[in-house]
Amino acid sequence: MAAVLAPELDRARDLTKPSRPTLEPAIRVESLVHQFDEKVVLDSVSLDVAPGSIHALLGPNGAGKTTLLRILSGLLVPRHGNVRVLGRNVDNSREFRGLIGLVPSGDRSFYLRISGLENLVFFARLYGATKRDAVRRAHELLEQVGLEDAAKVRVGFYSHGMQKRLSVARALLADPPILLVDEATHDLDPEGARRVRDLVADAASRRTAVVWATQRLDEIRGLCDGVTLIAEGKVAFLGSVPELMAHAVPRRYLVRLRSSRPVATTAVGALGTIAPSGEPHSGHYLLALREDAVLGDALGALAAGGVDVLTCTEERSEIEQAFLSIAGGRK
Amino acid sequence: MSTFAVPVGRLHALSGELRKVPAFVRRDFLTAWSYRMSFVSDMVNMTGQVVVFYFIGLMIDPDVLPTYGGSDVTYLEFAAVGIAVGVFIQFGLNRVSAAMRGEQLMGTLESVLVTPTTPTTIQLGSVAWDLVYIPLRTAIFLTAVTVAFGLNLSAAGLIPALLVLIVFMPFVWGLGVATAALLLTFKRGAGFVGLGFVALGLMSGVYFPLDLLPGWLAAVAEANPVAHAIEAMRDSLLGDATLASVLPVVLLLIPCSAVSLAFGMGLFRLSVRRERRRGSMGLY
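Chains as they are written, first to last, in the numbering used here: chain B, 130 to 460; chain W, -18 to 265.
Written as structure tokens, this is what we have:
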């Protein structure tokens, strides 16, 4: 990607290139504590994010994800703890802010009376780009996020999804070495969400360290390298996505059977229970296994009992189960 | 120590920051242009105000008014210059403080603050369009009044008047930035602006000569930079004052403007720092 930024910001990006040995993670958070008045919202939070990796930040509403992102972006000063980004402490200097691209969670972060193009050009110039480079870069990103046809439309007329994509485009304007994404795919249609994920994955492939706060649990599989699950301000889990999924012990399955319920119930026997799910006589059931039973045995028992199993899916995804298992376990 | 920290001299950083100001001007021009009707209503309001003062002026004996350059002036001439400066102040104060408040309400304040742009540039940039528009508006106002009511304004006084306006502008700006800082901190507080304007207006001689004030209040008014600026403007536009004759006022206004600006900027920086600590920047 062609440089469009002020020279000092280009040098900032150089810090993340492989040719320069990285002695510490791109982001290092140590024993972070923050509270609003008396309410502790982050309690001894620690995590590392390597350059070029995407780190998911999971947690229920109010867990402290947005607060953490605001601290990492320099918008909020933590009460205690250390936060280092590319080897330097987080501060309010313009040099530090040049390292950060932020996709905020809220809807209102653009000038609604001017076009998407003009908004991006404005922000690009705040990152130090010349007008010509700002316009070129804005067009590039509008194309990447699929908004080129709406470039000259006032942002006030953009849908929620379009504003989100514009927000991602803005965060990528300076091709920052650190990208903080807060609920970027929330409320997006599948195509819009996929496009946003691709853009972020592409940024990570250029050694950008990404922190990806999300509620869409399934999207972290295949996208994120590491996961931090925050519950009630504390780190409830820190590890890789497969390690998170290891916490999932699926016990409930949605099955579609070609048989009546009494026959299926008899076939499953002591391995679990069968309950109708959805419309009566539609053949959809919820299979709930007992603690010590495994899915293979239950399916084998159904087949042996003359019950045809047409489909079988987990009631919840593995990640969702892991999330509920860990976050729920703290309550 | 990162090689990133202060990679080039302060001068380069300053010029880099100044290069961002036109982006703010363009943003605000486009935004203002999208509300075309407000331009029209603004001019209509101003015209209405002048018409009112024209009729009030018919009742006022010019002998009670001060003379400028040895010549009598009508009340409309007296008030027109006062109103022009007064509206300039009011507009300046409101717009400067409203700029930050507007960013806060629109939710764009944090988006701007997260960019590598200094708070000073953000403040300057947020009012840059107004620094172009307000003097232009003042000039349009005075020209329109002069043409419509045949006021006897001095063309030779334009340059001294402009000089006074230029050195006076940072004074207004500083007060506006201070107000913006208070609004950023206390969220609601438009009353600060109104209160300040009433205090400044009462003791500035916008609508009436300061001689009419009680002695003690007149003495306080003597220390009001606004009063000096308005009198210098009247001297220039109604009394053919030269650059040399407004120089004492200019020399008085320069330190006042510097103090006001430094105070405003300092307060704004403190306010931003406080909001970062509390995490309430985006709240309103």
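Quick reminder that beta carbons are idealized off the backbone N, C-alpha and C, glycines included.
Check, Outcome
"Cα separation between glycine 88 of chain W and serine 107 of chain W?", "15 Å"
"Measure the C-alpha to C-alpha separation of serine 454 of chain B and aspartate 437 of chain B and round it to an integer number of angstroms.", "32 Å"
"Looking only at its own chain, which residues have a Cβ that is under 7 Å from the Cβ of tyrosine 240 of chain B, when we skip the five neighbours before and after it?", "Asn248 and Val284"
"Beta carbon of threonine 394 of chain B, beta carbon of isoleucine 403 of chain B: below 7 Å?", "yes"
"By the DSSP assignment, the alpha helix (DSSP H) with lysine 260 of chain B in it spans what residues?", "260 to 273"
"Since alanine 253 of chain B contacts arginine 266 of chain B with CB under 8 Å, what's their CB separation in whole angstroms?", "5 Å"
"If you draw a straight line from the C-alpha of threonine 127 of chain W to the C-alpha of valine 77 of chain W, how long is it?", "29 Å"
"Taking 7 Å as the threshold (C-beta atoms), are glycine 155 of chain W and leucine 242 of chain W in contact?", "yes"
"Under 7 Å Cβ-Cβ, which residues of chain B neighbour threonine 223 of chain W?", "Simply none; closest approach about 42 Å."
"Give me, in chain order, the residues of the same chain whose beta-carbon lies closer than 8 Å to that of alanine 199 of chain W; leave out the 5 immediate sequence neighbours on both sides.", "Leu191 and Asp192"
"Could you tell me the boundaries of the beta strand (DSSP E) in which isoleucine 229 of chain B lies?", "229 to 232"
"Counting only Cβ pairs nearer than 8 Å, list the residues of chain W close to isoleucine 243 of chain B.", "Arg8, Leu11, Thr12 and Ser15"
"Look up tyrosine 114 of chain W in the DSSP assignment and say whether it is helix, strand or coil.", "helix"
"Apart from the five residues on each side of it in sequence, which residues of its chain come closer than 6 Å, Cβ to Cβ, to glycine 181 of chain B?", "Ala333 and Arg336"
"In whole angstroms, give me the CA-to-CA distance for glutamine 344 of chain B and valine 310 of chain B.", "12 Å"
"For proline 233 of chain B, go through chain W and note every residue whose CB falls closer than 9 Å to its CB, in chain order.", "Gly88, Glu91, Ser92, Val95 and Gly263"
"Measuring only between beta-carbons, confirm whether leucine 302 of chain B sits less than 7 Å from chain W.", "no"
"Whose Cβ in chain W lies nearer than 7 Å to the Cβ of valine 206 of chain B?", "Arg257 and Arg258"
"Is it buried or exposed for threonine 368 of chain B, if we count other Cβ within 10 angstroms and need 16 for buried?", "Reading off the sequence, residue 368 of chain B comes out as glycine, not threonine. Classification for glycine 368 of chain B: exposed."
"Provide the residue span of the alpha helix (DSSP H) that contains arginine 254 of chain B, from first to last.", "245 to 255"
"Indicate whether valine 148 of chain W and serine 226 of chain W have their beta-carbon atoms separated by less than 7 Å.", "no"
"Check whether the Cβ atoms of glycine 63 of chain W and valine 187 of chain W sit closer than 7 Å, and answer yes or no.", "yes"
"So tyrosine 240 of chain B contacts chain W; which residues on that side make the cut at Cβ distance below 8 Å?", "Arg8, Thr12, Met87 and Thr89"
"Per the contact definition of three or more C-beta pairs closer than 8 Å, is the stretch 109 to 120 of chain W in contact with the stretch 223 to 232 of chain B?", "no"
"Which two residues bound the contiguous alpha helix (DSSP H) that contains histidine 315 of chain B?", "That residue, histidine 315 of chain B, is in no alpha helix (DSSP H); it is neither H nor E in DSSP."
"Determine, using beta carbons only, whether arginine 419 of chain B comes closer than 7 Å to chain W.", "no"
"Who are the Cβ neighbours of aspartate 9 of chain W in its own chain at under 7 Å, not counting the five residues just before and after it?", "Trp110"
"Less than 7 Å between the beta carbons of arginine 208 of chain B and valine 162 of chain B, yes or no?", "yes"
"Is it right to say tryptophan 197 of chain W is buried, meaning 16 or more other beta carbons lie within 10 angstroms of its own, or is it exposed?", "exposed"
"Given a threshold of 16 other Cβ atoms within 10 Å of its Cβ, counted over all protein chains shown, does asparagine 205 of chain W qualify as buried or as exposed?", "buried"
"For tyrosine 240 of chain B, which of helix, strand or coil comes out of DSSP?", "coil"
"Please name the residue or residues paired with arginine 213 of chain B in a DSSP beta bridge.", "B/Arg157 and B/Asn218"
"Quick one: which unbroken alpha helix (DSSP H) runs of 4-plus residues sit fully inside the stretch 347 to 392 of chain B? Chain order, please.", "370 to 374"
"Within 10 Å of its beta-carbon, does aspartate 318 of chain B have 16 or more other beta-carbons around it, so buried, or fewer, so exposed?", "exposed"
"So which residues of chain B does threonine 98 of chain W contact, with C-beta pairs closer than 7 Å?", "Arg223 and Leu255"
"In whole angstroms, what separates the C-alpha of threonine 166 of chain W from that of alanine 80 of chain W?", "14 Å"
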